[in-house]
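Asks: Protein chains in written order, with the numbering used here: chain C, 2 to 251; chain U, 15 to 171.
Handing you a structure now.
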């Protein structure tokens with residue numbers, strides 16, 4: 002493989018890993034441009050959209066495209082790409098080694114096992130319920146913990162099984178609503194369904210996505226920012242509908 | 015104010031620390047960053063809560079100013095943390111935003127629309143727009159401060 006070809010593929014792979022795992026457009030462009038510059042192509046052109054990346058090297062009349070189909074959040078991969086890019090910049094690794102290492106990063110499995118993630122969902126849900134609403138009766142705490150864990154577990158498994166977008170958020174929210182509803186009928190008083198739901202949905206809601214949409218738009222990415230916003234609105238709709246389905250029965 | 019800080023403030027600090035660290039695990043941040051990102055998140059949330067208690071204004075204005083200052087605090091703190099740990103800033107500022115970010119409000123917009131309360135949905139929609147915009151501006155200001163301090167540190171050396 003000639004060097005420009007390898008360079009373009011490495012740049013695209015680095016950009017794709019960043020974009021698929023939650024980096025902003027400006028960061029993706031910056032990293033890709035740095036890699037090309039460090040490999041000796043300072044006037045490489047990089048064009049990043051939310052759904053695809055193009056890189057082209059004007060000197061060699063060559064360009065390549067890579068489509069991005071799904072976006073998630075995995076900041077460990079972002080960190081690893083960043084570290085590799087730094088090592089490439091300081092000439093610790095060659096382009097070939099860089100490319101092989103990126104392929105390994107892309108295949109890597111998450112560091113935290115599923116049981117940790119469920120506990121983390123509990124740790125996000127319950128403190129945020131208390132911090133936002135101030136309600137902390139025993140029934141609230143218990144139901145919120147259960148709903149947060151079950152909701153996240155449902156979200157996680159539907160995501161793993163089907164890969165149908167927005168269905169996982171809907172199912173997660175529906176499970177949360179169901180557990181809160183059951184708790185409502187089992188307890189007599191000192192029970193605040195609204196507070197429980199707001200805590201339990203916190204691991205699922207697209208708050209970070211909404212903020213990133215605004216940040217991308219403000220850095221001049223007028224196509225990718227609104228596209229991110231639409232993605233966030235759809236997942237907010239999925240969650241809102243999942244909860245609303247059960248809230249008729251109060 | 016001082017009484018508030020040592021009672022509710024301390025509790026809010028611990029709650030925000032837990033929530034941020036937990037959200038960090040959900041986003042799969044490297045293990046050695048979990049603790050530090052928890053501190054950054056707690057600092058941001060306590061800033062917001064303290065401002066919310068002190069400012070004598072309407073709710074929307076309090077939300078805007080509180081989130082703006084909290085976002086600046088998070089941006090500057092995660093810039094320092096990123097420099098200290100040699101990691102990208104995104105690892106600290108994304109989990110730290112979880113208490114502030116308008117996720118709960120965005121779900122409430124949809125829920126109130128579906129269950130037939132468009133007026134409440136409108137209120138929450140306004141909050142979503144205000145908070146998201148203000149956090150983005152806060153991060154821009156924080157980035158400016160980070161570059162400025164970096165520039166000054168370079169000059170002195």
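Heads up, the beta-carbon is just placed ideally off N, CA and C, and yes, glycines get one too.
It should be emphasised that the depicted structure is a prediction, and the values quoted were computed from it without experimental measurement.
Enumerate in chain order the residues of its own chain whose CB-to-CB distance from residue 24 (chain C) is below 6 Å, with the five nearest sequence positions on each side excluded.
Replies: Taking the first chain and counting its residues from 1, the one referred to as residue 24 (chain C) is at position 23. So the qualifying residues of the chain are 79.
Asks: As a quick exercise: from U:56, U:26, U:72 and U:43, pick the residue whose alpha carbon is nearest that of residue 102 (chain U).
Replies: What you label residue 102 (chain U) is simply residue 88 of the second chain in a count that begins at 1. Comparing Cα-Cα distances from residue 102 (chain U) to each of U:56, U:26, U:72 and U:43, the minimum goes to U:43.
Asks: The ligand COA and residue 81 (chain U): does any heavy atom of the ligand fall closer than 7 Å to the residue's C-beta?
Replies: Although the ligand COA was asked about, the structure shown includes no ligands whatsoever.
Asks: State buried or exposed for residue 156 (chain C), treating a residue as buried only when at least 16 other CB atoms are found within 10 Å of its CB.
Replies: To locate residue 156 (chain C), count along the first chain from 1; it is residue 155. Its Cβ being crowded by 16 or more others within 10 Å, residue 156 (chain C) is buried.
Asks: Check whether the region 198-205 of chain C and the region 140-150 of chain C are in contact - that is, three or more C-beta pairs closer than 8 Å.
Replies: At 8 Å Cβ cutoff, the stretches touch.
Asks: Using a Cβ cut-off of 8 Å (strictly closer), state whether residue 113 (chain U) contacts chain C.
Replies: If you number the second chain from 1, residue 113 (chain U) lands on position 99. With 8 Å as the cut-off, residue 113 (chain U) counts as an interface residue toward chain C.
Asks: Tell me the DSSP bridge mates of residue 55 (chain C)?
Replies: What you label residue 55 (chain C) is simply residue 54 of the first chain in a count that begins at 1. DSSP, once it has assigned bridges, lists C:48 and C:66 as partnering residue 55 (chain C).
Asks: Pull out every residue of the region 117-134 of chain U whose Cβ sits closer than 9 Å to any Cβ of chain C, in chain order.
Replies: Answer set for the region 117-134 of chain U: 117, 118, 119, 120, 121, 122, 123, 124, 125, 126, 127, 128 and 129.
Asks: Count the other CB atoms, across all protein chains shown, that sit within 10 Å of the CB of residue 26 (chain U); report buried if there are 16 or more and exposed otherwise.
Replies: Within the second chain, residue 26 (chain U) is the residue found at index 12, counting from 1. With 16 or more Cβ atoms within 10 Å of its Cβ, residue 26 (chain U) is classed as buried.
Asks: Under 7 Å, CB to CB, which of the residues in the region 108-128 of chain C have a partner in chain U?
Replies: Hits within the stretch, in order: 111, 112, 113, 117, 118, 121, 122, 124, 125 and 128.
Asks: Here's the rule I'm using: 16 or more other beta-carbon atoms within 10 Å means buried, otherwise exposed. How should residue 34 (chain C) be labelled?
Replies: On the first chain, residue 34 (chain C) is found 33 positions in, with the first residue counted as 1. Buried is the call here.
Asks: Please list the residues of the region 17-31 of chain C that have a C-beta atom closer than 9 Å to any C-beta atom in chain U, keeping them in chain order.
Replies: Those would be 22, 23, 24, 25 and 28, in chain order.
Asks: Which term fits residue 21 (chain C), buried or exposed, when burial requires 16 or more other beta carbons within 10 angstroms of its beta carbon?
Replies: By 1-based counting over the first chain, the position of residue 21 (chain C) is 20. So residue 21 (chain C) ends up on the buried side.
Asks: Closer than 6 Å by C-beta to residue 45 (chain C): which residues in its own chain qualify, once you throw out the five before and the five after it? Chain order, please.
Replies: Sequence index remark: in the first chain, residue 45 (chain C) carries index 44 (1-based). Result list for residue 45 (chain C): 37 and 58, in chain order.
Asks: Mark residue 211 (chain C) as exposed unless 16 or more other C-beta atoms lie within 10 angstroms of its C-beta, in which case mark it buried.
Replies: Translated into the one-based positions of the first chain, residue 211 (chain C) becomes position 210. That one is buried.
Asks: Look up residue 38 (chain U) in the DSSP assignment and say whether it is helix, strand or coil.
Replies: The residue you call residue 38 (chain U) lines up with position 24 of the second chain. DSSP places residue 38 (chain U) in helix when its eight states are reduced to three.
Asks: Throw me the rounded Cβ distance for the residue 159 (chain U) and residue 82 (chain U) pair, which I believe falls under 8 Å.
Replies: Against the second chain, residue 159 (chain U) aligns to sequence position 145. Against the second chain, residue 82 (chain U) aligns to sequence position 68. With a Cβ gap of about 13 Å, residue 159 (chain U) and residue 82 (chain U) do not count as contacting.
Asks: Taking the alpha carbon of residue 152 (chain C) as the reference point, which residue from C:172, C:140 and C:165 has its own alpha carbon closest?
Replies: Sequence index remark: in the first chain, residue 152 (chain C) carries index 151 (1-based). It is C:172 whose Cα lies nearest to the Cα of residue 152 (chain C).
Asks: If you measure from the beta carbon of residue 241 (chain C) to each beta carbon in chain B, is any gap under 8 Å?
Replies: Protein chains C and U are contained in the structure displayed, whereas chain B is not.
Asks: When you compare only the Cα positions, how much space is there between residue 8 (chain C) and residue 245 (chain C)?
Replies: Reading the first chain from its first residue, position 7 is the one you call residue 8 (chain C). Reading the first chain from its first residue, position 244 is the one you call residue 245 (chain C). C-alpha separation (whole angstroms): 50 Å.
Asks: Could one say the Cβ of residue 45 (chain U) lies closer than 8 Å to chain C's Cβ atoms, at least one of them?
Replies: As a working mapping, residue 45 (chain U) is identified with position 31 in the second chain. At least one chain C Cβ lies under 8 Å of residue 45 (chain U).
Asks: Under a CB-based cut-off of 8 Å, is residue 81 (chain U) close to chain C?
Replies: Walking along the second chain from the start, residue 81 (chain U) turns up at place 67. No - not a single Cβ of chain C is within 8 Å of the one on residue 81 (chain U).
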